[in-house]
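The next block holds one structure in the form of structure tokens; read it before the comments.
There are 2 protein chains.
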Amino acid sequence: MLYDLTVVQFSKMLNNLNNILDKAEAFAAFKKVDMAVLLNSRLAADQFNLIRQIQIACDTAKVGVARLTGQLDTMPKHDDTEMTLEELRQRIASVIEYLNGFSEADFAHAATIHVSQPRWAGKYLTGYEFAIEHAIPNLYFHITTAYAILRHNGVEVGKKDYLGAMPYKVPVI
Amino acid sequence: MLYDLTVVQFSKMLNNLNNILDKAEAFAAFKKVDMAVLLNSRLAADQFNLIRQIQIACDTAKVGVARLTGQLDTMPKHDDTEMTLEELRQRIASVIEYLNGFSEADFAHAATIHVSQPRWAGKYLTGYEFAIEHAIPNLYFHITTAYAILRHNGVEVGKKDYLGAMPYKVPVI
């Protein structure tokens, strides 16, 4: 289940973010504003801008899955140097490709693995706790904040763009 | 696991929202602005204001758990009439109390139950799909948007307020 919650759902959300950025690009073209204006927008002076929100969303997915599977050494490297929409798309694509390389089997010990970060000063969370209380809420936080920055600037995005398609089923009668 | 992801984690997030609202109240008092100004703020003219974001966050938690457990008839009723911080706090408390009434056993069939909504025109999702692709992303969306509205208005909230406390453990040496 942690596989579905992270690899599968994080990929879906990064694809949704791609679609949201497509709408932002169309909006910028229509309004004749430089896309860089949107990419450098933020909701508060001391908050990260859209570029950084996208970078952190990508890292939350990438590092989250790497930590849960104990495969930190397989992560693609990203230097946080993106300045254009095209560079951000490449980063998103790189993370989706990385996620796609994992299978459910890689998550055999994910729930019980000890997850730590340098700033946690030696303390740890179990993978189960880390996924549910840290990685998942963080991923949605940064995707929603990216969405909110664009929404605030007038880009016509809605909840469906954020959630993406649902696997609706028709009842068998 | 769906119990932890919804009942436990949604309660935690609603408590975090309470703490964020405490900071908003202190900010309003310090700035000598009416709390109603913050409660009626929004990030875009055609987006829901803070009151509505809080109401929807509450409903996402309440209805989500009711649907997953097949207990729609046990839900407390809320008429979306809240206008003050105190009324919103009561609503949040009412939902947390409702969530606390569930146990893991109530989720025995949650993964496979068919979940539908009037607007889905007869189609359904399995409880597993509904939780992972709908209820959970929605809950975080509305909590983050509430946070973003306050952040945009200058309230000093940070990621820790959103995530809440982590159950860090010290390694046994």
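Residue numbers (this note's numbering), protein chains in the order written: chain A, 5 to 177; chain V, 5 to 177.
Think of the CB as a built atom: it goes at the ideal place given N, C-alpha and C, for glycine as much as any other residue.
Looking at the strands, I want to know which residues DSSP matches up with V/L6. Here residue 6 of chain V corresponds to residue number 2 of the second sequence, with the count starting at 1. Looking at the DSSP assignment, V/L6 forms no beta bridge with any residue, so it has no partner.
Just to confirm, are V/T64 and V/D110 a CB contact at a threshold of 8 Å? In the second sequence, residue 64 of chain V corresponds to position 60, counting from 1. In the second sequence, residue 110 of chain V corresponds to position 106, counting from 1. Cβ atoms of V/T64 and V/D110: not closer than 8 Å.
Please report the distance separating the alpha-carbon of V/Q94 from that of V/A61. Working through the second sequence from its first residue, we reach residue 94 of chain V at position 90. Working through the second sequence from its first residue, we reach residue 61 of chain V at position 57. When rounded, the distance between both Cα atoms is 14 Å.
Identify whether A/H113 lies in helix, strand or coil by the three-state DSSP scheme. By 1-based counting over the first sequence, the position of residue 113 of chain A is 109. Coil, per DSSP.
List the residues of chain A whose Cβ lies closer than 9 Å to the Cβ of V/Y7, in chain order. Here residue 7 of chain V refers to the residue found at position 3 when the second sequence is read from its first residue. Neighbours of V/Y7 on chain A: none; closest Cβ ~11 Å, over 9 Å.
Any chance the stretch 158-171 of chain V sits against the stretch 131-146 of chain A, with 3 or more Cβ pairs inside 8 Å? Because the criterion of three Cβ pairs below 8 Å is met, the stretch 158-171 of chain V and the stretch 131-146 of chain A touch.
Within 8 Å (strictly less), CB to CB, does A/Q51 reach chain V? In the first sequence, residue 51 of chain A corresponds to position 47, counting from 1. True, the Cβ-Cβ gap to chain V drops below 8 Å.
CB contact below 8 Å: V/Q13 versus chain A: In the second sequence, residue 13 of chain V corresponds to position 9, counting from 1. Among the CB atoms of chain A, one or more fall inside 8 Å of the CB of V/Q13.
From what residue to what residue does the alpha helix (DSSP H) around A/Y144 run? Walking along the first sequence from the start, residue 144 of chain A turns up at place 140. A/Y144 -> alpha helix (DSSP H) spans I140 to H156.
Run through DSSP, which three-state label would V/L47 get? In the second sequence, counting from the first residue as 1, residue 47 of chain V sits at position 43. V/L47 carries a coil assignment under DSSP once its states are collapsed to helix, strand and coil.
Are the C-beta of A/K127 and some C-beta of chain V separated by less than 8 Å? Start at 1 with the first residue of the first sequence, and residue 127 of chain A comes out as number 123. Answer yes: the Cβ-Cβ gap between A/K127 and chain V drops below 8 Å somewhere.
Taking the alpha helix (DSSP H) that A/K164 falls in, what are its first and last residues? By one-based count along the first sequence, residue 164 of chain A stands at place 160. For A/K164, the enclosing alpha helix (DSSP H) starts and ends at K163 to L167.
Round the Cβ separation of A/R155 and V/L54 to the nearest angstrom and send it over; I've been treating them as touching at under 8 Å. Numbered from 1 along the first sequence, position 151 holds the residue referred to as residue 155 of chain A. Numbered from 1 along the second sequence, position 50 holds the residue referred to as residue 54 of chain V. Not really, about 14 Å apart at Cβ, beyond 8 Å.
With a 10 Å radius around its C-beta and 16 neighbouring C-beta atoms as the bar for buried, classify A/K4 as buried or exposed. Outside the displayed range of chain A (5 to 177) lies residue 4 of chain A, so it cannot be described from this structure.
Where do the N-terminal and C-terminal ends of the alpha helix (DSSP H) with A/F207 fall, by residue? The structure shown does not extend to residue 207 of chain A, since chain A is modelled only from 5 to 177, so the question has no answer here.
Going by DSSP, what residue range makes up the alpha helix (DSSP H) through V/I100? For the purposes of this step, residue 100 of chain V is identified with residue 96 of the second sequence, where counting begins at 1. Looking at the DSSP string, the run of the alpha helix (DSSP H) that includes V/I100 is L89 to N104.
Excluding the five sequence neighbours on either side, which residues of its own chain have a C-beta within less than 8 Å of the C-beta of V/G158, listed in chain order? Position 154 of the second sequence, counting from 1, holds the residue named residue 158 of chain V. Cβ neighbours of V/G158 beyond the five flanking positions: F31 and K35.
Pull up the CB-CB distance for V/F134 and V/V119, whole angstroms please, since I reckon it's below 8 Å. The residue given as residue 134 of chain V occupies position 130 in the second sequence. The residue given as residue 119 of chain V occupies position 115 in the second sequence. Cβ-Cβ separation between V/F134 and V/V119: approximately 4 Å, consistent with a contact (criterion under 8 Å).
Alpha helix (DSSP H) segment containing A/K173, residue limits: Counting from 1 along the first sequence, the entry for residue 173 of chain A is found at position 169. Note, A/K173: premise wrong, no alpha helix (DSSP H); not H, not E.
Ignore the nearest five residues each way along the sequence and tell me which others in V/N23's own chain have a CB closer than 7 Å to its CB. Position 19 of the second sequence, counting from 1, holds the residue named residue 23 of chain V. Around V/N23: D165.
Against chain A, with Cβ distances strictly below 8 Å, would V/M170 count as a contact? Along the second sequence, read from residue 1 onward, the residue named residue 170 of chain V stands at position 166. Answer yes: the Cβ-Cβ gap between V/M170 and chain A drops below 8 Å somewhere.
Should A/T148 and V/T148 be called a contact, given that it needs their Cβ atoms to be closer than 8 Å? Walking along the first sequence from the start, residue 148 of chain A turns up at place 144. Walking along the second sequence from the start, residue 148 of chain V turns up at place 144. Closer than 8 Å, so yes.
Look at the alpha carbon of A/M39 and the alpha carbon of A/F52, and state the distance between them as a whole number of angstroms. The sequence position of residue 39 of chain A within the first sequence is 35, counting from 1. The sequence position of residue 52 of chain A within the first sequence is 48, counting from 1. Rounded to the nearest angstrom, the two C-alpha atoms are 17 Å apart.
Are the C-beta atoms of V/T78 and some chain A residue less than 8 Å apart? In the second sequence, the residue the question calls residue 78 of chain V occupies position 74. Interface flag for V/T78 against chain A is unset, since no Cβ pair is found closer than 8 Å.
Does DSSP put A/T85 in a helix, in a strand, or in coil? Start at 1 with the first residue of the first sequence, and residue 85 of chain A comes out as number 81. The answer is coil: DSSP assigns A/T85 none of H, G, I, E or B.
Best match in V/A114, V/M87 and V/V12 for proximity to V/N104 [C-alpha to C-alpha]: Within the second sequence, residue 104 of chain V is the residue found at index 100, counting from 1. Among V/A114, V/M87 and V/V12, the Cα nearest to that of V/N104 belongs to V/V12.
What is the DSSP secondary structure of A/T73, reduced to helix, strand or coil? For the purposes of this step, residue 73 of chain A is identified with residue 69 of the first sequence, where counting begins at 1. In the structure shown, A/T73 sits in coil (DSSP, three-state: anything other than H, G, I, E or B).
For V/Q59, I'd like the list of residues in its chain whose CB is within less than 6 Å of its CB, leaving aside the five on either flank, ordered along the chain. Here residue 59 of chain V refers to the residue found at position 55 when the second sequence is read from its first residue. For V/Q59, same chain residues with a beta-carbon under 6 Å away, outside a window of 5 residues either side, are D84 in chain order.
Looking at the C-beta of A/P141, does it have a partner C-beta in chain V at a distance below 8 Å? Position 137 of the first sequence, counted from the start, is the residue given in the question as residue 141 of chain A. Output row for A/P141: interface = yes.
Looking only at DSSP bridge pairs, what is V/V67 linked to? Residue numbering aside, residue 67 of chain V sits at position 63 when the second sequence is read from its first letter. In the DSSP assignment, no residue is bridged to V/V67.
Residue closest to V/W124, alpha-carbon to alpha-carbon, out of V/D8, V/H138 and V/A152: Here the question's residue 124 of chain V lines up with position 120 in the second sequence. Selected option, being the one with the closest Cα: V/H138.
Does A/F111 get closer than 8 Å to chain V when you measure Cβ to Cβ? Residue numbering aside, residue 111 of chain A sits at position 107 when the first sequence is read from its first letter. It does not; no Cβ of chain V falls within 8 Å.
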